[in-house]
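Under the numbering used here, the first residue of the sequence shown carries the number 40, and numbering increases by one thereafter.
The C-beta atom is built at its ideal place from N, Cα and C for all residues, glycine as well.
Keep in mind the model is a prediction, meaning the values are calculated, not measured.
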Amino acid sequence: MVELPKIMVPTAFTPFKNTNNKLYPFVAGIQHLTKFSVFNKWGNLVFETNSSDPNNGWNGTYRSLAQPFETYTWFAEGTNLIGQVYTAKGNTILIP
Numbered sequence: 040m041v042e043l044p045k046i047m048v049p050t051a052f053t054p055f056k057n058t059n060n061k062l063y064p065f066v067a068g069i070q071h072l073t074k075f076s077v078f079n080k081w082g083n084l085v086f087e088t089n090s091s092d093p094n095n096g097w098n099g100t101y102r103s104l105a106q107p108f109e110t111y112t113w114f115a116e117g118t119n120l121i122g123q124v125y126t127a128k129g130n131t132i133l134i135p
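Below, the structure written as structure tokens:
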């Protein structure tokens, strides 16, 4: 049985100031993550990257300001080994 590619994001995270704890998708069966976006409860884009490097994840800030404790919506897109596009979306809670 072949499993479909998956894009997973933690349901909650805490961005510590003195560490590299950033929100970034975990992938299985995905060759390249092409987009990762995070939106606040008002639908404003607070973070977006096209980088496949987990070090470029969301650090919990928007315009250099720490964001509040609330639920954020994320959207991710990636391609598998043969170029098929997969998307995923969900919610995560930022715990400052």
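- L43 and F52 have their alpha carbons spaced roughly 26 Å apart.
- The shortest CA-to-CA distance from V48 to any of L104, E109 and G96 is the one to G96.
- H71 and G82 have their C-alpha atoms some 26 Å from each other.
- Going by C-alpha positions, I46 is about 18 Å away from N60.
- The Cβ atoms of Y101 and F78 do not sit closer than 8 Å to each other.
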